Structure formats: structure tokens, C-alpha cells
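See structure below.
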Amino acid sequence: MADIGNLTGNPPSAPLETRALRLRNFWSDYRKSWIAVLALVVIIVMVVASFGAPWLVPQDPYDLAQLDWGDAFLQPGETGSGGYVHLLGTDNVGRDMLSAILYGLRTSFLIGISAGVLALTLGISIGLTAAYFGGRIEALLMRIVDLQLSMPAILLALVVAAMLGQGVGQIVLALVVAQYAYFARTTHGAASVERRKDYIEAARSTPLPTRRILFKHLLPNVLPPLIVVATVQVASAISLEATLSFLGVGLPLTEPSLGSLISNGFKYIHAGRSWLSIYPGVFLMITVVAINLVGDQVRTVIDPRNSR
Amino acid sequence: MTNPILNIDAVSKRFTRMPSLTERLVGKFTGGGKPVTVHALSDVSLQVFKGEVLGIVGESGCGKSTLGRVVAGIHAPSSGSVTLHRMPVARQRGGNIHKLTTRVQMIHQDPFASLNPRMKVGETLAEGPRHHGIIPAADVQAAIRDLLRKVGLEAAYADRLPHQFSGGQRQRVAIARALAMQPEVLVLDEAVASLDVSIQAQVLNLFMDLRHDLGLTALFISHDLSVVRHVCDRVAIMYLGRLVELAPADQLYADPKHPYTQALFASVPTVGTGRRRFEAIRGEIPSPIDPPPGCPFHPRCPHAGPRCRVEVPGLTGAGPGRTVACHLNDGGVQMTKGAA
Amino acid sequence: MTAALDVRGLTTRFETRAGHVTAVNDVSFAVQPGRILGLVGESGSGKSVTGFSILGLIDAPGKVTAGAVLVDGVDLRQLSDDDLRKMRGRKVSMVFQDPMMTLNPVLRVGDQMAMAVRVHRPMSKSAAFEHARKALEVVGIPSPAERLLAYPHQLSGGMRQRVAIAMALLHSPSVIIADEATTALDVSIQGQILAEVRGLADTTGTAIVWITHDLAVVSSLADDICVMYAGQIVERGTAEQVIDGPRHPYTRGLLDSIPARHEPGRKLPQIPGSTPQLSHLPSGCPFRPRCPLATELCTTEPPLDIRDGQAVLCHYPLERA
Numbered sequence: 093m094a095d096i097g098n099l100t101g102n103p104p105s106a107p108l109e110t111r112a113l114r115l116r117n118f119w120s121d122y123r124k125s126w127i128a129v130l131a132l133v134v135i136i137v138m139v140v141a142s143f144g145a146p147w148l149v150p151q152d153p154y155d156l157a158q159l160d161w162g163d164a165f166l167q168p169g170e171t172g173s174g175g176y177v178h179l180l181g182t183d184n185v186g187r188d189m190l191s192a193i194l195y196g197l198r199t200s201f202l203i204g205i206s207a208g209v210l211a212l213t214l215g216i217s218i219g220l221t222a223a224y225f226g227g228r229i230e231a232l233l234m235r236i237v238d239l240q241l242s243m244p245a246i247l248l249a250l251v252v253a254a255m256l257g258q259g260v261g262q263i264v265l266a267l268v269v270a271q272y273a274y275f276a277r278t279t280h281g282a283a284s285v286e287r288r289k290d291y292i293e294a295a296r297s298t299p300l301p302t303r304r305i306l307f308k309h310l311l312p313n314v315l316p317p318l319i320v321v322a323t324v325q326v327a328s329a330i331s332l333e334a335t336l337s338f339l340g341v342g343l344p345l346t347e348p349s350l351g352s353l354i355s356n357g358f359k360y361i362h363a364g365r366s367w368l369s370i371y372p373g374v375f376l377m378i379t380v381v382a383i384n385l386v387g388d389q390v391r392t393v394i395d396p397r398n399s400r
Numbered sequence: 004m005t006n007p008i009l010n011i012d013a014v015s016k017r018f019t020r021m022p023s024l025t026e027r028l029v030g031k032f033t034g035g036g037k038p039v040t041v042h043a044l045s046d047v048s049l050q051v052f053k054g055e056v057l058g059i060v061g062e063s064g065c066g067k068s069t070l071g072r073v074v075a076g077i078h079a080p081s082s083g084s085v086t087l088h089r090m091p092v093a094r095q096r097g098g099n100i101h102k103l104t105t106r107v108q109m110i111h112q113d114p115f116a117s118l119n120p121r122m123k124v125g126e127t128l129a130e131g132p133r134h135h136g137i138i139p140a141a142d143v144q145a146a147i148r149d150l151l152r153k154v155g156l157e158a159a160y161a162d163r164l165p166h167q168f169s170g171g172q173r174q175r176v177a178i179a180r181a182l183a184m185q186p187e188v189l190v191l192d193e194a195v196a197s198l199d200v201s202i203q204a205q206v207l208n209l210f211m212d213l214r215h216d217l218g219l220t221a222l223f224i225s226h227d228l229s230v231v232r233h234v235c236d237r238v239a240i241m242y243l244g245r246l247v248e249l250a251p252a253d254q255l256y257a258d259p260k261h262p263y264t265q266a267l268f269a270s271v272p273t274v275g276t277g278r279r280r281f282e283a284i285r286g287e288i289p290s291p292i293d294p295p296p297g298c299p300f301h302p303r304c305p306h307a308g309p310r311c312r313v314e315v316p317g318l319t320g321a322g323p324g325r326t327v328a329c330h331l332n333d334g335g336v337q338m339t340k341g342a343a
Numbered sequence: 003m004t005a006a007l008d009v010r011g012l013t014t015r016f017e018t019r020a021g022h023v024t025a026v027n028d029v030s031f032a033v034q035p036g037r038i039l040g041l042v043g044e045s046g047s048g049k050s051v052t053g054f055s056i057l058g059l060i061d062a063p064g065k066v067t068a069g070a071v072l073v074d075g076v077d078l079r080q081l082s083d084d085d086l087r088k089m090r091g092r093k094v095s096m097v098f099q100d101p102m103m104t105l106n107p108v109l110r111v112g113d114q115m116a117m118a119v120r121v122h123r124p125m126s127k128s129a130a131f132e133h134a135r136k137a138l139e140v141v142g143i144p145s146p147a148e149r150l151l152a153y154p155h156q157l158s159g160g161m162r163q164r165v166a167i168a169m170a171l172l173h174s175p176s177v178i179i180a181d182e183a184t185t186a187l188d189v190s191i192q193g194q195i196l197a198e199v200r201g202l203a204d205t206t207g208t209a210i211v212w213i214t215h216d217l218a219v220v221s222s223l224a225d226d227i228c229v230m231y232a233g234q235i236v237e238r239g240t241a242e243q244v245i246d247g248p249r250h251p252y253t254r255g256l257l258d259s260i261p262a263r264h265e266p267g268r269k270l271p272q273i274p275g276s277t278p279q280l281s282h283l284p285s286g287c288p289f290r291p292r293c294p295l296a297t298e299l300c301t302t303e304p305p306l307d308i309r310d311g312q313a314v315l316c317h318y319p320l321e322r323a
């Protein structure tokens, strides 16, 4: 019989790599950038605070019954009629800014993540199909994708949102339309490369059914670069939603949104009441920057490891 | 001779790349933008007998890899047919290849690209037989462990990912994957070319053992003459998409008849001192996009004559079990070796 | 006569996640003018890294940590970056496995070669072109004047490699390092190039280090052979000595496992195990886990046993058969 090709003293490559070991390695690489760790902490805090808002903040700023016009334009630090300190002041209808911001952040995360996930799913489907089947299908799909990529996302989102009207669902749809193309292109690029590799050809020649090849062979190998893209796109979705709401095409004023808070407070900036716009803006900026920093570090960690 | 189980009948394969819209537009000014056709295979006919290892040898552009893929059903031939027990191996319907048989399995050259990097080895081995019902679901795990042991790996390796293995071990996994489908014919496409010399010996030994134990039939594609000589019963030499010589291995190496085969043997260095003078074949290998008319080898052949430039030589007999495609061999006229 | 290339105790280390890896471990050899040295090894043996280390082409996370590299008596390791750059291409040059590592795809061949000439020796463009044309002729390229006008992608793989070799020859260097230069080429083209390389060494007196894994090539081409394993030279001698009378068990095992040396169909003698992981080397002799002769003694560093100019790094060097 054939000799065993592996004798004592010669372990194959590395010790058995469990998922736990891979995660630990990933984390120790990720930790190398303190800024990225800080960003991650900030995001976690933001997410926890925003989703836990109903329990954390004294006021539900979108429950009209809780508002009191008498509390309008309180400066940051002043106490209002409810007996608590408005850390970031109140707006023109007496909303506690901090509460409003946290509720708005929750909306941002919800919309950003759901739009991101849906756009990811749609983009992957299109990119994989185009790359695997090639020919006319690929040409057609990628032409549409290219066409869309040539238009600025904001414009697209604006047009779709204007057509669909206001509301959470409509916004998410608009964002998905604006963003799926980027996922599709990235997926198509990565999948085109993987498609030509021998293991795909081996799977086809066994033969294995197309569905299995797409989902078990092609997709898992195309996913890593997409995770990075997805992270950054979530940030992009968040700022897109804020932009749309700012422009008045996104969520109505009655729904929490950082964008509409900023927009609402815009009129008062020069009247010496800048806190209505600035704080929501700062929170928005910190969130978007933090997500980008995390995505950046994830990309750095994933890339060179693959090539080593 | 025993029964032929695989019949390759006048197979030609052309790959045509149609120019894109931009290329055609630009081509109106520059004179380009035409479809480009690669003649990968031209009129190749071959029979493979049960239990034999048939070597296919050639350099780049000879079409040996394409032939392997056509036999494995990855490409459908542009003309001609490949049949296994007289059933076609693949059928083209619309734009897709429908592989009709799982009975031909392939082992690829690059062990670092032929396994799904994100799938455990055991799963890679199991998915084919499981899907096609070759092994009943209940027995799959045990069968996989058996298979791993048979190719010289430990059964526990089923839970590992490919990157945890060396090149030689991965190639063993690739062999196991092919065997899991219980094929009748194996196609090995440069299966040991990427391996280190010491590992190559291990894998060749494994192949020879398995061949002996399981009675495998195989197509052994390689550019390495000494490896082919060692494991193959018969050898086919290909040049620029055509079959130029076919003979039992010992006879071919002792007495090559086609000028290309002779020149190939003379130009390959072998291990051993006794300083050799390299007898190089002059000229470059032409591109399969624009093969020369007549005999594909005539531009580089030291014996080329006027007929060679015009007429493609057919395969003619050159002794028992031997065929050569050369005008100088017509009518049984023998060529003298080293006539250059 | 001073050796064209004299490598003494060269050591190169890499920092990886798994710790230090010594890719080149105390490597020493010398090449006289006009002689070809074959540096043979399998993957992970350190042969390519040795070639890069000689030319100072090792970047972080790698570093040449010890040794001297003397070209015509001048130690390259002691030179400043500027002086080293002046030596590269002039006194010592390299040919890589992929000619596109040498050739710029967006420049015509003639332009690149003329540039390479003028960077070391100022002269007029036409003179540089003529120089380039002659170099192409020397490596056996037909119609060299036409080839000068071509772009690299318009040439075949064999032609490109010939151009790369011609570029290495432009300044008549004392030493050329060729790293798997013909491995990616077809067998018949390889034959042509090997013939030319042999001729070049004989006529121009250039010393050549031919790095390869292919024992057949090295036994036909090289005058002297160094066998590398796990970053060390385990055997060194003339081609006759090493190929016909190998004294290191690894060399013997390697030569034995070649199909050409056995009757067809016979089981091939094989070296058990796989090529070692440089990050997990055993103590003492790196070949110990796979060696049929290994004993307890082999856990200590093996000595260099030299006889008739044939050097072997082994506790139990074999007798010449």
C-alpha cells in the first residue's frame, strides 16, 4: 500500500485551526490600531444607547403628549418642566435634544443596516449570476450596474424617494436602489476571478448542481472583501438617509431622524441657538467616521493575511 | 487488445472570441476587431482501452489540456464526439454543457487552486458521491475516512481546511475526490507537475498502487517525458492541436518515428553527467490561432518537403499498435533517426 | 584567480507571525569566472531567497543578518545603497522566472534596453540601441533590429526570457544569477536557452548561478552544484561528484526518486514525509525526520565533511557508490 506521506515530526502546516483560533488571531491583529478599537467601542456605545433609549432617556421626544412648548429653546444644561436636566438643550417644540438624538440614531442604525443587508443580498445575487453564467446575461446585468454606478447615489436615492414618498420602508427601498450596484460590481469582480479557478471547474465536472456551486463554492470565497464593503456601505446608507431627511424627502418630521433634526435646527443657527443643529450633526459625524474606521481596519486585517 | 471503453472520434475544438462592440467600432478604423479563433484541437482520434494508462505529451499549444477537458466533459467538442461505452460523455444544449456521465473524473495540476479553500476536506470529498447517490448517506462518513486512508492520509484530516496541507497532501486529496465518484476513467492533467521531486515520487507511487488495486483506466497528461515513460502503457504525442504519434511507451522511447518526437527527446536534458550537447529544435512553437497550413510541424522540421507544406498528414500505421502522422512515413517507409 | 562571486556565511531571516524564520542559514559557496554553479533545492529550501539576498533585494519583514557577498573582491553588504545600485546591472545582474519582472510592459524592448545601458554608461541613444541590438544577437534572437521595436507582449514567452537574459548581459557583468529562468518555458525552448547559456559562460567568462529545482537541467548545465535543504547547503561539489556520487542522504534520496533512473512501472524509492516548515525545524540536522540513517547523534548540528573538494553537511556522509 502507499506510504503515509506524513511522518512524525512534520505537522501539516499549522495546529488545527478552529473558528475560535481564527477569531482570536483576527482580534489580535485588529487590536493593533488603537483608533480602530476606540471606534469600535464608540459604535458599541452608540448602538447600546440608541436601542436602549426608551429606558435611558427621560423623554420620548416623539410622543407629542410629553412635549411642552414652554420648554422650547432651553440651553444645554438647563432644567426643564419635567424636572430633569436637558444635557444638550431642547429644540423649538421643547424636545430634549439628547433623547431626540438617541432616537434618531436608532433609526439611522436600523435603516442603515437593513438597507445595507438588502443591498448586499441583491448585489451579491446579481454579481454572482453575472460572473457565473457569463455571456449575454453577464453583459446585460453588468451594463445595468455600470449605468447605475455612473450616477451619484444621492441623486438616485433622491429620485426614488421623491417618487415613493416618505416613510421608513420607502427610504430603505431608495437606499437599496442607490447602493446595490456597488455590491454587484465588487461581487462580480471577485467572482469572475474565483470562477476561473480549478476548484470551481472541478465542482462543475463532478458534476455538481449549479445551485450548490454558487452557494457553497463561489459565494463563501467571494464574501471576505464584501464584508469590508458592507461595513462602509452601512455608514454610507446612514449618511444618505440623513441627507434625504435633511432635504425633506426622507422621513417626516414626526419620525426620529438625525437628518430632520439637523434640518429643523438649521433656521436657528444664526439666531444664537446653534445647539439644535450642531449636536445631531456631531453625533452623525462621529457614527459615520467610526464605522469607516472599523471597516478600514477590518480591510487591513483581512487583506495581508490572505496573501501571506 | 482488450475492449476500448473510451472513444475519441475526430474531435476538433475551437475557441472563438467575438470582439466586443468597442473593438468592432475601433476595428473599422484600424482593420482589427475580427473574431479570434484558437484551434485548440484538430481532428484528434484516439481509443483508450480498459485498464490502461495512456500518456498524452506535448508542449504549450498542443491541446493536451483541452483534450483532457473535452474527455472529462468540461468542454463539448466543436465537432466529433467522445463516447464512453458508446454513450456520449457530454452534450451541448443551448449554452450549457450537460455532463452525462460522472464516470470520468479529473485531477488538476495546481493543488493550491483545485480545492475549495473554505470547505473542509471531508465535505469536499463527500459532496459529489452524496449528491449522485453513489454512496448511501448513512455510509458517507465511513467511506470518506476509508478513502483518506487509501490515499495515505489520516482519517482525522477530514475536518481540516486545504491550506493546512502541503502541496503533495492536497494532491492526494484531489485524487481521493476523483476516486470517491468511483469513476471508470481518470484524467490527470499535469497532476504532478507542480510538486517537488521528492513528493512527486510519493504521488506517482500512490497512483501506481491505486491503479493496480482498483484497475483504473487513465489519461495521463504531462509535458514531462520521463514521468510519462514511467507510468504509461501507451503514449500519444501532440503538436499544435493534432495527434502526431501514438505507440506503446517502450517502443516510442526506443524508436521515435515522428520528427517532432525525435527532436523533443533529443532536446530534453536528463539527469546524469557525461556533458550533453543540447540539440535544440530550431524555431518557435507557432500560435494555435494561426496554425501553419499542411503539417503543423513543417516550419521547424529538418526533413520538411513540398508535400508537407500543403497537405496535413493523416495517421498511418508504423508497426503493430503504432501510428504516425508524417508524410515521410507513408507506405511504411521508415525514417532514419538523426538524419538531420 | 579571485572568484567572480564569493558568498561567505550568508544568513537571511524573516519575521513572521510564527516567529523568526531563517530562510538562508550560513550559506557559503564560490563561483569562478566562466563556471556555472547550480543551486538546487525543492520548495522552501531557500534557494531563491539566497539569490535575492546576494543582490540585496530582501525587503522587510526579511533581513540579511550575516555574511559577506564578494563580487570581484568587493563586499556588496558593506556598500551604501547608491554604490550597491551601481553594482547591480553592471557587475552582478539577475534573471527571474517571469520575464515580466524584468520587462516593462509599456515600453518597447529597444527603449528599455537602451535605458538600461545608459544608466550605467552615458552614451548616445543610437549607440545604446546598437549595444542592445548586439546583446539580442548574442542570445540568439533572430532579426534583432525588428525585435527592438516590439513591445514585450508581442513576443513569445521564450523570446521574452531571452530579452531578459540579454538585458542581464548588457554590461558584461561578472556574475549573473538566474532564478528558475527556464522553468516556465516549454521544454524545447528551454533546450535552446540552456545551450545558449552554456555558450555564453564559455565565451564571455561570466560566472553564472543557476537556481532551479530541476536536477536534469542542473546536471547537464552546471559545472558545480550546491544542494540546499531548509536554508542550508547540505552538499557541495562538482557536477560529477554530486550527481554521480552523492554523499548526503538527501541528495541520494532525491536522485533516487527520479523516474528516469528506474525501470518503467517500478515503485519509485521515495523520501518519506514532506519538505520541512522553516518555522518548525527540528533540532540538529534539518533532514533528520526524513533520513533513513538518522540516529540520536543527529539531534546535534552536523559537521561539514570535506573530501576531494566535495563538502557534505552530515554526521554519516555516504561513501561514493
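Quick mapping for you: the protein sequence lines, in order, are chains A, B and C. By the count of the numbering used here, the first sequence reaches residue 400 at its end, each step adding exactly one. By the count of the numbering used here, the second sequence reaches residue 343 at its end, each step adding exactly one. By the count of the numbering used here, the third sequence reaches residue 323 at its end, each step adding exactly one. Ideal Cβ positions, reconstructed from N, Cα and C, are used throughout, including at glycine. Small disclaimer: the values here were computed from a predicted structure and weren't measured.
Roughly how many angstroms separate the alpha carbons of residue i and residue j, rounded to a whole number?
i	j	result
F168(B)	R121(B)	13 angstroms
T19(B)	P38(B)	7 angstroms
F268(B)	L249(B)	15 angstroms
I147(B)	A158(B)	8 angstroms
P302(B)	R312(B)	8 angstroms
A135(C)	T206(C)	Checking the displayed sequence, the identity of residue 135(C) turns out to be Arg instead of Ala. In a straight line, the C-alpha of R135(C) is about 17 angstroms away from that of T206(C).
S173(A)	G162(A)	8 angstroms
R325(B)	G227(A)	43 angstroms
A20(C)	T14(C)	16 angstroms
V26(C)	T214(C)	16 angstroms
I273(C)	H111(B)	24 angstroms
V176(B)	R152(B)	10 angstroms
Y256(B)	R263(C)	14 angstroms
A137(C)	V71(C)	27 angstroms
V238(B)	N384(A)	60 angstroms
Assuming the contact rule is C-beta atoms closer than 8 angstroms, residue i and residue j should be a hit. Round their C-beta distance to whole Å, please.
i	j	result
A221(B)	V247(B)	About 21 angstroms separates the two Cβ atoms, so there is no contact after all.
V9(C)	G69(C)	7 angstroms
V211(C)	G53(C)	7 angstroms
G46(C)	T277(C)	5 angstroms
P168(A)	L179(A)	6 angstroms
G83(B)	D12(B)	5 angstroms
D183(A)	N313(A)	The Cβ separation is near 50 angstroms, so there is no contact.
Thinking just about the alpha-carbon of each residue, which of the options is nearest to the one in residue i?
i	options	result
L150(C)	Q34(C), M117(C), L270(C)	M117(C)
K269(C)	P261(C), V121(C), V140(C)	P261(C)
D114(B)	R173(B), T25(B), L24(B)	The sequence shown places Pro at residue 114(B), rather than the Asp named in the question. Comparing Cα positions, the closest option is R173(B).
V2(C)	F16(C), G112(C), S176(C), L295(C)	A question about residue 2(C) goes unanswered here, because the residues of chain C that appear run from 3 up to 323.
A152(C)	V141(C), V140(C), G142(C), V165(C)	V165(C)
V314(C)	P294(C), G239(C), G275(C), L78(C)	G239(C)
R37(C)	E17(C), A6(C), I60(C)	A6(C)
Y272(A)	Y291(A), L318(A), N117(A)	L318(A)
V42(C)	S221(C), L105(C), Q312(C)	S221(C)
Could you tell me which chain F residues have their CB closer than 8 angstroms to the CB of residue i, listed as they occur along the chain?
i	result
N313(A)	Among the protein chains in the structure shown, which are A, B and C, there is no chain F.
Handout entry: Entirely enclosed alpha helix (DSSP H) segments - the segment 110–186 of chain C, minimum 4 residues
Key = The qualifying runs are 111–122, 127–140, 146–150, 159–171.
Handout entry: Ranges of the beta strand (DSSP E) found wholly within the segment 207–248 of chain B, counting only runs of at least 3
Key = Within the segment 207–248 of chain B, the runs of beta strand (DSSP E) at least 3 residues long that lie entirely inside it are, in chain order, 220–225, 237–242.
Exercise for the section: Within the segment 12–53 of chain C, note down every full beta strand (DSSP E) run reaching 3 residues or more, in order along the chain. Expected result: Complete beta strand (DSSP E) runs here, min 3: 21–33, 38–42.
Problem - alpha helix (DSSP H) runs wholly inside the segment 241–277 of chain A, at least 4 long, in chain order - result: With a minimum length of 4 residues, the continuous alpha helix (DSSP H) runs that stay inside the segment 241–277 of chain A are 245–256.
Practice task
Take every Cβ of the segment 251–264 of chain A, pair it with every Cβ of the segment 23–43 of chain B, and state whether three or more of those distances are shorter than 8 angstroms.
Solution key: The answer is no - the segment 23–43 of chain B does not touch the segment 251–264 of chain A, with fewer than three Cβ pairs under 8 angstroms.
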